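Residue numbers (the working numbering), protein chains in the order written: chain G, 115 to 265; chain E, 7 to 195; chain S, 27 to 214.
This is how it looks when you write it as structure tokens:
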């Protein structure tokens, strides 16, 4: 019974702490958009109009937004984002320095112990990183990772 | 490449409105056909079909992907149509009358002359109206089985899943519905 | 005649394609030689044609161009049930345990207040270098750190993968791209 209550306390902390820390300005907002790029059609999803110039870098003819998620995460905390095709992205915002955000990003597939890709990088606050390449259905996934820290 | 129902449902669960629209456009005609058979009124049928799709979207998280999407959709439509009909009339859900007993047969109101060739008769608007009126004579439960079997071509298994009853009940209701329609449309069959 | 009465349900099942192969052949063979059953089968077929044609004709008369708009307005009339909203919220936060609101509220207030008073951990800072973006990393089963890379958009401290990885920057669009090839090549 005591263990159960302790577990509930711990869960509440994890539930409410991000919100409270956000109010205290100690979190970063992560934005993960998953785009399916194909050559089968000639259209760009209306919801991707703001990044259309950036998508030109990939030279596919069709882009469709399949998933979008925003989450506020505390520094040092891991956030998991499930992606199509049994994959998921782990993102850990480590710190902010000189208006840049240090991120650790891992792209995992299914239950494979080794990540498909793992990187540590610094991106500008409000900046964007693209991770692309995993195949899905008849196309290729392009994952846009954005990070915004309270200034 | 056309997405499967399962893929569209999965996308709907993620809040993809475009996927939901694709599902609607894929099944709108079948949905309205079932509703029309149950309600005999075009406006009511369109409204019930639209309500059914709206209900699908709000309940999509509960849909288990191993089930069949269209049997789930049809179940919602049949239930909504039965509710709508109950609101409009006091017709019981299931009659236990024998086809020979009770109300007068529609066949008494039919014209004495009728074309011998059934394929020519189909072009006769009056025949179409007679068929619709004959179906209207059935209870909602019997309408549902005859529409799903004869118009949608569903199997007994699929119909039993939609109506949440046993396969034996489906066969029994189908048998009764056909007997009733035969007595009402005899000279055209 | 008694034989045909017994076959009535079977003739119906034959019409409905609900018979398995051996029985289907047997019933079909009987029907072909029985006037009563073949008439019954023909009647079932005509009824199906009349019914399906009637509804096909009805549906053809209906205009579906505004159907979707009707669905959207129905959706607006129906707010998401609180259960659905709760499910969506739970899926987002991946919670699976039962709620006990008063206990949670009291615990959260006590523990969160305590934690808010503590200082967050600090990390060592690193200064960015000004190296050039590197060529693609070769395929390897071992994780291999490749330290390099900086540009105006991103500074890559380390990058490893189990397959070919490419890294590039698009200055015109301010995009930094890490491309993981699932087979050789495959860069867009």
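C-beta: ideal position from N, C-alpha, C; glycine also.
From a predicted model like this one, the values you see are computed outputs, not experimental measurements.
When secondary structure is reduced to three states using DSSP, residue 263 of chain G falls in the strand class.
Excluding residues up to 5 positions away in sequence, 57 lie with their Cβ nearer than 6 Å to the Cβ of residue 64 of chain S in the same chain. When the beta-carbon positions are compared, residue 263 of chain G and residue 239 of chain G come within less than 7 Å of each other. Taken atom to atom, the span from the alpha-carbon of residue 249 of chain G to that of residue 8 of chain E is near 18 Å.
Excluding five sequence positions before and after residue 71 of chain E, the CB atoms of its chain that fall closer than 6 Å to its own CB belong to 12, given in chain order.
Among the bridge pairs identified by DSSP, residue 201 of chain G is matched with G:197, G:223. At a cut-off of 7 Å between beta carbons, residue 202 of chain G makes no contact with chain S. Against chain S, a Cβ distance below 9 Å from residue 174 of chain E picks out nothing, because the smallest value is about 11 Å.
Residues of chain G with a Cβ closer than 8 Å to the Cβ of residue 17 of chain E are, in chain order, 180.
DSSP, reduced to helix, strand and coil, places residue 90 of chain S outside both helices and strands of the structure shown, so it counts as coil. Between the segment 204–221 of chain G and the segment 158–167 of chain G, the count of Cβ pairs shorter than 8 Å is below three; the stretches do not touch. The Cβ-Cβ distance between residue 137 of chain E and residue 80 of chain S falls below 7 Å. With a threshold of 16 other beta carbon atoms within 10 Å, residue 146 of chain E meets it and is buried.
Here the alpha carbons of residue 189 of chain E and residue 92 of chain E stand approximately 25 Å from one another. Rounded to whole angstroms, residue 132 of chain S and residue 194 of chain G show a C-alpha spacing of 28 Å.
In the three-state reduction of the DSSP assignment, residue 173 of chain G falls in the coil class. Among the residues of chain G, those whose CB is under 8 Å from the CB of residue 20 of chain E are 180, 181, following chain order. In the structure shown, residue 57 of chain S adopts helical secondary structure according to DSSP, grouped into three states. In the three-state reduction of the DSSP assignment, residue 57 of chain E falls in the helix class. Around the CB of residue 128 of chain S, fewer than 16 other CB atoms lie within 10 Å, so the residue is classed as exposed.
Closest by C-alpha distance to residue 219 of chain G, out of G:191, G:158, G:177, is G:191. For residue 96 of chain S, no pairing in a beta bridge is given by DSSP. Per DSSP, residue 145 of chain G is not a residue of any alpha helix (DSSP H); the beta strand (DSSP E) it occupies stretches across 141–152. In terms of beta-carbon proximity, residue 155 of chain G stays away from the interface with chain S, with every pair separated by 7 Å or more. For residue 135 of chain S, the nearest beta carbon of chain E is not closer than 7 Å to its own beta carbon. In the DSSP secondary-structure assignment, residue 254 of chain G is bridged to G:151, G:249.
In the DSSP annotation of this structure, residue 165 of chain G is not part of any alpha helix (DSSP H), being labelled neither H nor E.
In the three-state reduction of the DSSP assignment, residue 67 of chain E falls in the helix class. Assignment of residue 79 of chain S by DSSP, reduced to helix, strand and coil, places it in the helix class. Here residue 214 of chain G really is in contact with residue 236 of chain G; their C-beta atoms are around 4 Å apart, less than 8 Å. Linking residue 68 of chain E to residue 131 of chain E through their CA atoms gives a straight-line distance of about 43 Å. DSSP places residue 207 of chain G within a strand segment (E or B) once states are collapsed to three. Around the beta carbon of residue 185 of chain E, fewer than 16 other beta carbons sit within 10 angstroms, so the residue counts as exposed. The Cβ-Cβ distance between residue 171 of chain G and residue 256 of chain G does not fall below 7 Å.
The CB of residue 250 of chain G never comes closer than 7 Å to any CB in chain S; the least such distance is about 10 Å. Put simply, of G:142, G:175, G:147 the residue whose alpha carbon is nearest the alpha carbon of residue 158 of chain G is G:175.
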